[in-house]
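**Q** Residue numbers (our numbering): 8 to 469. The C-beta atom is built at its ideal place from N, Cα and C for all residues, glycine as well.
#1: Since residue 125 and residue 105 should fall inside the 8 Å C-beta cutoff, what is the C-beta to C-beta distance between them, to a whole number of angstroms?
#2: Whose CA, out of 180, 166 and 117, lies closest to the CA of residue 146?
#3: Hey, how far is the Cα of residue 461 from the Cα of residue 242?
#4: Quick one: residues in its chain with C-beta nearer than 8 Å to the C-beta of residue 382, no 5 flanking neighbours on either side, listed in chain order?
#5: Shortest alpha-carbon distance to residue 136 belongs to which of 150, 120 and 151?
#6: In three-state DSSP terms, what is residue 143?
#7: I'd like to check one pair, residue 143 with residue 173: are the Cβ atoms closer than 8 Å?
#8: What does residue 101 pair with, by DSSP beta-bridge criteria?
#9: For residue 322, name the three-state secondary structure that DSSP assigns.
#10: Starting from residue 133, trace the alpha helix (DSSP H) both ways and give me its first and last residue.
#11: Taking the alpha-carbon positions, what's the residue 273 to residue 303 distance?
#12: Report yes or no: do the region 42-60 and the region 168-185 share at least 3 C-beta pairs separated by less than 8 Å?
#13: Helix, strand or coil: which one does DSSP assign to residue 168?
#14: Assuming residue 466 and residue 401 are in contact, meaning their beta carbons sit under 8 Å apart, how far apart are those beta carbons, in whole angstroms?
#15: Quick check on residue 291: buried or exposed, where buried means 16 or more other Cβ atoms within 10 Å of its Cβ?
#16: What's the C-alpha gap between residue 115 and residue 58?
#17: Counting only runs of 4+ residues fully inside the region 381-467, write out the alpha helix (DSSP H) ranges in chain order.
#18: Tell me the rounded alpha-carbon separation between residue 388 and residue 276.
#19: So, do the region 196-210 and the region 24-41 have three or more beta carbon pairs nearer to each other than 8 Å?
#20: Can you give me the Cβ contacts of residue 330 inside the same chain, cut-off strictly under 7 Å, excluding the 5 residues immediately before and after it?
#21: If the criterion is Cβ atoms closer than 8 Å, does the pair residue 42 and residue 151 meet it?
#22: What does residue 328 pair with, by DSSP beta-bridge criteria?
#23: What first and last residue would you give for the alpha helix (DSSP H) that runs through residue 357?
#24: Nearest to residue 372 by alpha carbon, out of 437, 414 and 111?
#25: Can you tell me the Cα-Cα spacing of residue 184 and residue 39, whole angstroms?
#26: As a quick exercise: from 453, 366, 187 and 133, pick the residue whose alpha carbon is nearest that of residue 4.
#27: Residue range of the alpha helix (DSSP H) that residue 32 falls in?
#28: Relative to the C-alpha of residue 133, which candidate in 141, 296, 140 and 148 has its C-alpha closest?
#29: Does residue 349 come out as helix, strand or coil in the three-state DSSP assignment?
#30: Which of the three DSSP states, helix, strand or coil, is assigned to residue 185?
#31: Would you kindly report the start and end of the unbroken alpha helix (DSSP H) that includes residue 126?
#32: In whole angstroms, what is the alpha-carbon distance linking residue 355 and residue 448?
#33: Given 7 Å as the limit, tell me if residue 402 has its C-beta closer than that to any heavy atom belonging to the ligand ADP.
#34: If we count the other Cβ atoms within 10 Å of its Cβ and call it buried at 16 or more, is residue 519 buried or exposed?
#35: Exposed or buried, what is residue 239 when buried is set at 16 or more other beta-carbons lying within 10 Å of its beta-carbon?
What follows is the structure, given as structure tokens:
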């Protein structure tokens with residue numbers, strides 16, 4: 008690329024305004040400048056043409072007045088004397104064909120102006136012409152009749168100094184240029200002020216967005232009292248902020264659920280390691296410990312896969328059927344080894360549900376763990392066939408759910424009594440319901456059941 012062109016492009020890019028207000032002001036100034044240039048050129052051209060036409064009209068009028076004093080009925084042609092003869096004879100030539108009869112006393116008979124006047128007196132040529140002599144002189148010819156048959160016509164040529172007309176045109180040009188400069192300056196200033204005022208709400212919205220992002224505010228822009236364009240922008244930004252907050256809430260929820268669900272297998276691993284390190288163990292004991300740790304690790308992997316799949320909104324599309332009793336018995340075995348309250352599982356061995364085994368386990372596990380936490384002597388898991396699918400009940404004989412807390416039971420992070428001495432973050436029940444709904448099922452609480460609590464998982468049949 009040409010270095011000179013590159014430098015020119017770099018200079019133009021450097022001079023180009025960086026702000027929207029500056030760019031809009033420059034565009035408005037450029038547009039106004041183009042319009043003003045066109046208007047100025049057209050206006051001055053019209054003015055000059057009009058002044059010239061005025062001069063020509065005056066010259067023709069004077070020539071017609073002088074022609075009225077020329078007597079062409081006799082030969083030779085005579086010029087009649089009048090009372091204002093001195094005025095009429097000023098800058099006037101009278102030609103009989105090409106022969107001058109009279110010429111101004113201040114103009115030589117063979118001078119430039121006289122020759123130009125003679126050319127105009129000849130018929131068939133131009134009737135007016137401008138001669139640049141000591142000053143711009145305008146000449147116009149007017150026929151005055153024929154002196155004799157077949158001869159060239161008698162013509163009267165008058166002259167006028169165009170200096171005053173051109174001075175007037177120059178004054179108008181300077182005045183129009185001064186007006187153009189004033190209009191352009193006012194246009195630039197008013198455009199900057201108008202654009203700055205129009206963009207003031209945008210600056211306010213920018214400051215608000217910066218502040219809200221810093222403090223994670225729940226406020227929104229809204230559209231009240233704003234122009235239509237800014238109202239639409241505010242609505243779009245509000246929708247974007249809502250989606251961002253929803254994503255953040257979902258991320259926080261997923262993190263809390265993973266932490267909640269991974270505590271049980273981590274506790275098993277920790278307990279096995281503590282038990283194995285407490286005293287020397289045989290090879291068989293070591294192998295058993297390894298098996299328990301491997302099973303807990305596999306359970307952690309399954310938990311992570313299940314929750315991540317559900318978070319990607321793909322869990323409800325994963326095909327598969329599951330033997331309900333096999334999953335429930337395995338879950339009861341895992342939970343029964345970590346507590347003093349027995350867990351019993353009852354139901355037909357032929358039950359099949361239309362969800363993956365890992366997903367079914369993750370639905371029931373929080374309910375069973377919650378029941379074990381509050382049960383006094385027993386926890387029961389009962390499965391049954393229903394016309395619309397499969398029903399799994401988790402029942403305990405604990406204190407039950409307070410009636411005042413029933414409406415908040417499935418809200419994340421809510422517990423009836425955080426100071427009851429039992430661990431938990433209030434995420435298990437919301438997770439169970441969310442997983443069940445992602446598979447086309449539901450988790451509900453039976454408030455009529457006493458004593459204790461009963462939770463029901465309804466799932467489609469396999």
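**A** According to the structure data:
#1: About 6 Å; that satisfies the 8 Å criterion.
#2: Of all alpha-carbon atoms in 180, 166 and 117, the one lying nearest the alpha-carbon of residue 146 is that of 166.
#3: 45 Å
#4: Cβ contact annotation for residue 382 (same chain, cutoff 8 Å, sequence separation greater than five): 348, 403, 404, 405 and 459, in chain order.
#5: 120
#6: strand
#7: Contact check for residue 173 against residue 143 passes: the beta carbons are separated by less than 8 Å.
#8: 109 and 163
#9: Residue confidence is low: residue 322 scores 42 on pLDDT, short of 50, so the model does not pin down where it sits. No coordinate-derived value is stated.
#10: That residue, residue 133, is in no alpha helix (DSSP H); it is neither H nor E in DSSP.
#11: Answer to the nearest angstrom: the Cα atoms are 7 Å apart.
#12: Flag = yes, the region 42-60 and the region 168-185 touch.
#13: Strand at residue 168.
#14: About 13 Å separates the two Cβ atoms, so there is no contact after all.
#15: Exposed.
#16: Cα to Cα, residue 115 sits roughly 28 Å from residue 58.
#17: 435-445
#18: 25 Å
#19: yes
#20: Here the set comprises 359.
#21: Result no, Cβ atoms of residue 42 and residue 151 do not sit closer than 8 Å.
#22: Beta-bridge pairing links residue 328 to no other residue.
#23: From DSSP, residue 357 is part of no alpha helix (DSSP H); its letter is neither H nor E.
#24: The shortest C-alpha separation from residue 372 is found at 437.
#25: Rounded to the nearest whole angstrom, the C-alpha separation of residue 184 and residue 39 is 13 Å.
#26: Because the chain spans 8 through 469 in this model, residue 4 falls outside it and cannot be assessed.
#27: 27-74
#28: 148
#29: DSSP places residue 349 in coil when its eight states are reduced to three.
#30: helix
#31: 119-128
#32: 20 Å
#33: The ligand content of the structure shown is nil, which means the ligand ADP is not present either.
#34: With the chain running from 8 to 469 in the structure shown, residue 519 is simply not present.
#35: exposed
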